[in-house]
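Participant:
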Amino acid sequence: GRRLRCCVSSKWLGCIMAISRFPRKRLQGRNCDGVAENKICFSDKEAAYIQATLQHREGVPIQIEKELSGFWFHRTNWESELRIIFLSTFRLTVSRVCFIHRRCGTMTEIGAYLEAFCHTHQIPELVIQCVETPEMVNWCNKNGFSPIPSASMAFDGIIMGDYRKFIEGDKA
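Heads up, the sequence shown is in this note's numbering, so the first residue is 70 and it goes up one at a time.
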């Protein structure tokens, strides 16, 4: 591993070490608008793959809305939606999930794709935000995600909140 030399309190050192786990040689990238900067985002082909996967599994047309830091995939009436946002090269977050057809592998397929994307692009964290149902808690646990202590709480026998999975990236 890499060593950091700096004057930082032990409270913040773990956070800084987690953020600096991967070499940053390939920082120059493209943002969601195609502008070169220190940011990773989906290419048109990657966004189209997620759109096609959702259309196939949900059985309805899915639109894509580009945002400043990510994408919102949704049906016209918002009955089905998936929002994915990027925090530079540090984290990919699924901030909204709502599917018409539940418990049929849609999130598992999308989750595997996102994990592979993080691995390839050396994004060290994949986060599922605002987990509120027992089904989604079970999915997170089954797929190697853990609750983020500062962003989760126990309620009615389950731990609700944000769940995170650390991803090992390709070495540059």
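Yeah, the Cβ is synthetic: ideal placement off N, Cα and C, and Gly gets one too. For clarity, every value in this text was computed on a predicted model and none was experimentally measured.
Rounded to the nearest angstrom, how far is the Cβ of GLU127 from that of PHE168, given a contact under 8 Å?
Facilitator: In the sequence shown, the residue the question calls residue 127 occupies position 58. In the sequence shown, the residue the question calls residue 168 occupies position 99. Going by Cβ atoms, the distance from GLU127 to PHE168 rounds to 6 Å, so yes, they are a contact pair.
Participant: Using a threshold of 8 Å, state whether the C-beta atoms of ARG160 and GLU204 are closer than that.
Facilitator: Counted from its first residue, the sequence shown places residue 160 at position 91. Counted from its first residue, the sequence shown places residue 204 at position 135. No, the pair does not count as a contact, with Cβ atoms beyond the cut-off.
Participant: With a threshold of 16 other CB atoms inside 10 Å of the CB of THR175, please say whether the residue is buried or exposed.
Facilitator: As a first step, residue 175 must be located in the sequence shown, where it is residue number 106. Its Cβ being crowded by 16 or more others within 10 Å, THR175 is buried.
Participant: Could you give the uninterrupted runs of the beta strand (DSSP E) lying entirely in the region 148-193, keeping only those of 3 residues or more?
Facilitator: With a minimum length of 3 residues, the continuous beta strand (DSSP E) runs that stay inside the region 148-193 are 150-156, 160-167.
Participant: What's the gap between the Cα of ASN210 and the Cα of PHE186?
Facilitator: The count along the sequence shown starts at 1 and reaches residue 210 at position 141. The count along the sequence shown starts at 1 and reaches residue 186 at position 117. Distance between ASN210 and PHE186, taken at the CA atoms: about 20 Å.
Participant: Tell whether a beta-carbon distance below 8 Å holds between MET229 and VAL200.
Facilitator: Sequence index remark: in the sequence shown, residue 229 carries index 160 (1-based). Sequence index remark: in the sequence shown, residue 200 carries index 131 (1-based). Using a Cβ distance threshold of 8 Å, MET229 and VAL200 count as a contacting pair.
Participant: By how many angstroms is the C-alpha of GLN198 removed from the C-alpha of SER221?
Facilitator: In the sequence shown, the residue the question calls residue 221 occupies position 152. In the sequence shown, the residue the question calls residue 198 occupies position 129. Each residue's alpha carbon lies about 10 Å from the other.
Participant: Throw me the rounded Cβ distance for the LEU151 and ILE179 pair, which I believe falls under 8 Å.
Facilitator: On the sequence shown, position 82 is the one that residue 151 refers to. On the sequence shown, position 110 is the one that residue 179 refers to. Between the beta-carbon of LEU151 and that of ILE179 there is about 7 Å, and that keeps the pair under the 8 Å contact cut.
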